[in-house]
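Reviewing the structure listed below.
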Amino acid sequence: MKYFLINFCLFFAIACCAHPHIYIEPSIEIIFDDLGLNGFKNTWVFDGMYSELIIEEYDKNKNRFFENKEIDCIKEKSFSNVKNQSYFNRIKIGKTKKIVKEVLDFNANIENGNVVYSFMVPCRIVAKNYPQFVSISVYDDSYYISLDFDCDGCLSVKSNKNIKYTVSKYENEKDSFYFYQIIPYEYTIKYFKVNE
Amino acid sequence: MNNYIRFILLIFLITFVLNVFAEGNPFLKSNSANTSTKSPERNESQIRNKTFFTLLGKYHRKLNKLQNKINKNLTRIANQIKSKPSFKQFVLAFVLAFCYGFIHALGPGHGKIFALSFLITRKSRTVDGVILGIGIALLHVLSAVVLTLSIYFILKTSVLSMTNNFEVALKQISYILITLIGLGIFFFHLKNIINKNKKIEFIEYSSSKSLIPIAVSIGIVPCPCITIVLLFCISLNMLFFGLFLVFSITTGMAVVISMFGLLAIKLKNRSYNIFKGQIRDKKIFENILGITGASLIIMIGSLLFFASFI
Chain A
805 MKYFLINFCL
815 FFAIACCAHP
825 HIYIEPSIEI
835 IFDDLGLNGF
845 KNTWVFDGMY
855 SELIIEEYDK
865 NKNRFFENKE
875 IDCIKEKSFS
885 NVKNQSYFNR
895 IKIGKTKKIV
905 KEVLDFNANI
915 ENGNVVYSFM
925 VPCRIVAKNY
935 PQFVSISVYD
945 DSYYISLDFD
955 CDGCLSVKSN
965 KNIKYTVSKY
975 ENEKDSFYFY
985 QIIPYEYTIK
995 YFKVNE
Chain B
21 MNNYIRFILL
31 IFLITFVLNV
41 FAEGNPFLKS
51 NSANTSTKSP
61 ERNESQIRNK
71 TFFTLLGKYH
81 RKLNKLQNKI
91 NKNLTRIANQ
101 IKSKPSFKQF
111 VLAFVLAFCY
121 GFIHALGPGH
131 GKIFALSFLI
141 TRKSRTVDGV
151 ILGIGIALLH
161 VLSAVVLTLS
171 IYFILKTSVL
181 SMTNNFEVAL
191 KQISYILITL
201 IGLGIFFFHL
211 KNIINKNKKI
221 EFIEYSSSKS
231 LIPIAVSIGI
241 VPCPCITIVL
251 LFCISLNMLF
261 FGLFLVFSIT
271 TGMAVVISMF
281 GLLAIKLKNR
291 SYNIFKGQIR
301 DKKIFENILG
311 ITGASLIIMI
321 GSLLFFASFI
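As you go down the protein sequences, you meet chains A and B in turn.
Add 804 to the 1-based position in the first sequence for the numbering used here, that's all there is to it.
Add 20 to the 1-based position in the second sequence for the numbering used here, that's all there is to it.
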């Protein structure tokens, strides 16, 4: 009986492990301005293999540089489809989930052979005199794409003298996806306005 | 119902659910939200109890990082080979690609659940698990290679989106074939149970030849990982090196799928030993297992087929 159960657990453990096909190293810059939180600047660095595919497909003049026309094409054909997944930005304002409907300043370029997408997710929340909480994590819940939001320097803050903040990182088991197998890292930003 | 059977069914069902959603590139699909596998939110008490899933999540993260690391190294070595090829780097590339295929096949997809279900429905020899594993891996990769090269060299069109479209169509064909095979097995075992007094040759489809239809049905779905690796090598003007990597990845995948095949056969034998005291007729037990396996194949195949239209 013991071996039987061990075998089943082994089978289960093996079968449960999901496999992404594309790897992205995302980094997010939290932008504060005089009013409070302005938004999240995303930078996604694609893995070398998939990058070559994007270059092959969209760098029409083969100069290893994306011109505006090519960037528009990338945005339309290889980026905007993830709108349905909030551009992989899972934002919570307090405890309320925010659906990202639009992004600003989309750009695509090639750095050291890797394709890099950058864009801004607007999220205007005016700072108050008391603490407010905003959380963000980045993941594709179909797990076709792995977004490693655990890497060094994947979160930075563009601060403002009027705003005081703290950032904490934790594994958010509550939002685990792929049937509880993948536990995303989440960053919670606590901020408030400093009285001058 | 016996607790053991409940346990078996539960494991299969959970695994099935986990596998259903492992498809489609979100960047290329306009309805990417439909493939969402967001889990229902857990409450605090569920989270406090460290579950199997929590531990699996941690293990999985490590596995994922490893796969990412191999991917990076493979990219680096391919670029090095392009500029300055050496035997040492070829060997290293082969080993890395094997590991990549091995780890990659541990994930959902690749037809492991069908292979498992199929093998429990029939009288299988140990070698059948290996043959089926190799067969599925070979066809899985071959379909990706043929599709990618055809689109690239013959159609000369957008490979990324075209392969994605073909992948969806081939998956639908695959699901239909799998469901039909499941129905065939189901009725075969049902007939055996109904005619239990008649002398019927036990599991007529136990020859190795009978593995071909299931291997083809599962294997025709191209592996996106192979498409990506191959296109990457083509972009470096190293088609043959790409095929060399593909061969190595296939070997890694074949080992994993064969392991699953062997596991299915071992599990089936072990479950028979557990029920030994309660089983009066081995034939009936085999037929019940056959019907269970066939039902799973039908259910998974048909649900995947309908889910692909959502």
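Every residue, glycine too, gets a C-beta built ideally from N, C-alpha and C.
If distances are taken between C-alpha atoms only, which option among the options comes closest to residue i?
{"i": "Ile320(B)", "options": "Ser137(B), Leu48(B), Lys82(B), Gly149(B)", "result": "Ser137(B)"}
{"i": "Cys245(B)", "options": "Lys229(B), Asn257(B), Ser268(B), Leu256(B)", "result": "Ser268(B)"}
{"i": "Tyr862(A)", "options": "Arg928(A), Tyr995(A), Phe923(A), Ile875(A)", "result": "Ile875(A)"}
{"i": "Leu139(B)", "options": "Gln192(B), Asn99(B), Gly310(B), Asn257(B)", "result": "Gly310(B)"}
{"i": "Val188(B)", "options": "Lys92(B), Val150(B), Ile240(B)", "result": "Ile240(B)"}
{"i": "Phe252(B)", "options": "Ile828(A), Tyr827(A), Phe844(A), Glu860(A)", "result": "Glu860(A)"}
{"i": "Phe953(A)", "options": "Val942(A), Met853(A), Leu857(A), Asn916(A)", "result": "Val942(A)"}
{"i": "Val920(A)", "options": "Lys997(A), Leu839(A), Ser980(A), Trp848(A)", "result": "Trp848(A)"}
{"i": "Lys981(A)", "options": "Val886(A), Asn933(A), Asp945(A)", "result": "Note that residue 981(A) is Phe in the sequence shown here, rather than Lys. Comparing Cα positions, the closest option is Asp945(A)."}
{"i": "Ile214(B)", "options": "Ile304(B), Lys92(B), Leu126(B)", "result": "Ile304(B)"}
{"i": "Glu915(A)", "options": "Phe850(A), Asn888(A), Asp837(A)", "result": "Phe850(A)"}
{"i": "Val276(B)", "options": "Leu126(B), Phe118(B), Phe173(B)", "result": "Leu126(B)"}
{"i": "Asn978(A)", "options": "Tyr969(A), Asn867(A), Tyr989(A)", "result": "Note that residue 978(A) is Lys in the sequence shown, not Asn. Taking only the C-alpha atoms, the option nearest Lys978(A) is Tyr989(A)."}
{"i": "Met273(B)", "options": "Ser322(B), Asn257(B), Val161(B)", "result": "Val161(B)"}
{"i": "Ala314(B)", "options": "Phe110(B), Phe280(B), Ala135(B), Ser106(B)", "result": "Ala135(B)"}
{"i": "Phe869(A)", "options": "Glu880(A), Ser855(A), Lys881(A), Ser882(A)", "result": "Ser855(A)"}
{"i": "Ser230(B)", "options": "Gly121(B), Ile193(B), Lys143(B), Leu175(B)", "result": "Lys143(B)"}
{"i": "His209(B)", "options": "Ser291(B), Ile308(B), Gln87(B)", "result": "Ile308(B)"}
{"i": "Ser950(A)", "options": "Phe107(B), His80(B), Ile294(B)", "result": "His80(B)"}
{"i": "Cys955(A)", "options": "Asn88(B), Phe207(B), Lys108(B)", "result": "Asn88(B)"}
{"i": "Asn846(A)", "options": "Ile826(A), Cys927(A), Asn885(A), Lys866(A)", "result": "Cys927(A)"}
{"i": "Ile123(B)", "options": "Thr271(B), Asn289(B), Ser322(B)", "result": "Thr271(B)"}
{"i": "Ile254(B)", "options": "Ser194(B), Ser170(B), Arg290(B), Leu323(B)", "result": "Ser170(B)"}
{"i": "Tyr991(A)", "options": "Gly917(A), Glu880(A), Glu975(A)", "result": "Glu975(A)"}
{"i": "Lys866(A)", "options": "Ser103(B), Ala157(B), Leu256(B)", "result": "Leu256(B)"}
{"i": "Phe206(B)", "options": "Phe107(B), Phe280(B), Lys288(B), Thr312(B)", "result": "Thr312(B)"}
Apart from the five residues on each side of it in sequence, which residues of its chain come closer than 7 Å, Cβ to Cβ, to residue i?
{"i": "Val236(B)", "result": "Leu159"}
{"i": "Leu197(B)", "result": "Ser237"}
{"i": "Ile201(B)", "result": "Pro233, Ile234, Ser237, Ile317"}
{"i": "Leu283(B)", "result": "none"}
{"i": "Lys864(A)", "result": "Glu874"}
{"i": "Ser278(B)", "result": "Gly149, Val150, Gly153, Ile154"}
{"i": "Val907(A)", "result": "Tyr891, Phe923, Met924, Val925"}
{"i": "Asp837(A)", "result": "Asn964"}
{"i": "Gly898(A)", "result": "Phe937"}
Give me whichever residues DSSP pairs with residue i in a beta bridge.
{"i": "Phe844(A)", "result": "Ile834(A), Val925(A)"}
{"i": "Thr992(A)", "result": "Ser939(A), Ser972(A)"}
{"i": "Asp950(A)", "result": "Before going further, note that residue 950(A) is Ser rather than Asp in the sequence given. According to DSSP, Ser950(A) bridges with Tyr827(A)."}
{"i": "Glu915(A)", "result": "Asn918(A)"}
{"i": "Thr95(B)", "result": "Thr95(B) is not bridged to any residue."}
{"i": "Ser960(A)", "result": "Glu833(A)"}
{"i": "Gly986(A)", "result": "In the sequence as displayed, the identity of residue 986(A) is Ile instead of Gly. Ile986(A) pairs with Phe981(A)."}
{"i": "Ile967(A)", "result": "Lys997(A)"}
{"i": "Lys902(A)", "result": "Ile895(A)"}
{"i": "Phe1001(A)", "result": "Nothing about residue 1001(A) can be reported from this structure: the residues present for chain A run from 805 to 1000 only."}
{"i": "Leu770(A)", "result": "This structure cannot settle anything about residue 770(A), because the visible part of chain A is limited to 805 through 1000."}
{"i": "Val1009(A)", "result": "A query on residue 1009(A) cannot be resolved here, the shown segment of chain A reaching from 805 to 1000 and no further."}
Does the Cβ of residue i lie closer than 6 Å to at least one heavy atom of the ligand MN?
{"i": "Ile101(B)", "result": "Although the ligand MN was asked about, the structure shown includes no ligands whatsoever."}
Identify, in the order they occur along the chain, each residue of the same chain with its Cβ nearer than 8 Å to the Cβ of residue i, setting aside the five sequence neighbours on each side.
{"i": "Lys901(A)", "result": "Arg894, Ile895"}
{"i": "Thr146(B)", "result": "Leu282, Ile285"}
{"i": "Ala113(B)", "result": "Leu94, Ile97, Ala98, Ile101, Phe261, Phe264, Leu265, Ser268"}
Can you give the beta carbon distance from residue i to residue j, rounded, assuming they're within the 8 Å contact cut?
{"i": "Ser8(B)", "j": "Leu190(B)", "result": "Shown here, chain B extends from 21 to 330; a query on residue 8(B) therefore has no answer."}
{"i": "Pro242(B)", "j": "Tyr948(A)", "result": "The Cβ separation is near 14 Å, so there is no contact."}
{"i": "Ile940(A)", "j": "Gly77(B)", "result": "Not really, about 20 Å apart at Cβ, beyond 8 Å."}
{"i": "Asn84(B)", "j": "Pro824(A)", "result": "7 Å"}
{"i": "Leu203(B)", "j": "Thr183(B)", "result": "About 30 Å separates the two Cβ atoms, so there is no contact after all."}
{"i": "Lys932(A)", "j": "Phe996(A)", "result": "6 Å"}
{"i": "Ile90(B)", "j": "Leu116(B)", "result": "6 Å"}
{"i": "Ile903(A)", "j": "Ser882(A)", "result": "Not really, about 21 Å apart at Cβ, beyond 8 Å."}
{"i": "Val111(B)", "j": "Leu250(B)", "result": "At roughly 20 Å, the Cβ-Cβ gap does not stay under 8 Å, so Val111(B) and Leu250(B) are not in contact."}
{"i": "Gly852(A)", "j": "Lys92(B)", "result": "7 Å"}
{"i": "Phe280(B)", "j": "Thr199(B)", "result": "The pair is not a contact, with the Cβ atoms about 21 Å apart (cut-off 8 Å)."}
Can you give me the Cβ contacts of residue i inside the same chain, cut-off strictly under 6 Å, excluding the 5 residues immediately before and after it?
{"i": "Ser960(A)", "result": "Glu833"}
{"i": "Leu839(A)", "result": "Val930"}
{"i": "Ile878(A)", "result": "Tyr862, Ala912"}
{"i": "Ser52(B)", "result": "With a pLDDT of 46 at Ser52(B), under the threshold of 50, the modelled position of this residue cannot be trusted; read the value that follows with caution. Excluding positions up to five away in sequence, the list reads Pro46."}
{"i": "Cys119(B)", "result": "Ile90"}
{"i": "Gly195(B)", "result": "Position check: residue 195(B) holds Tyr in this sequence, whereas Gly was assumed. The residues are Gly321, Leu324, Phe325."}
**Request:** Specify whether the stretch 905 to 921 of chain A and the stretch 955 to 969 of chain A touch according to this definition: at least 3 beta carbon pairs, one from each stretch, less than 8 Å apart.
**Result:** Not touching, per the Cβ criterion.
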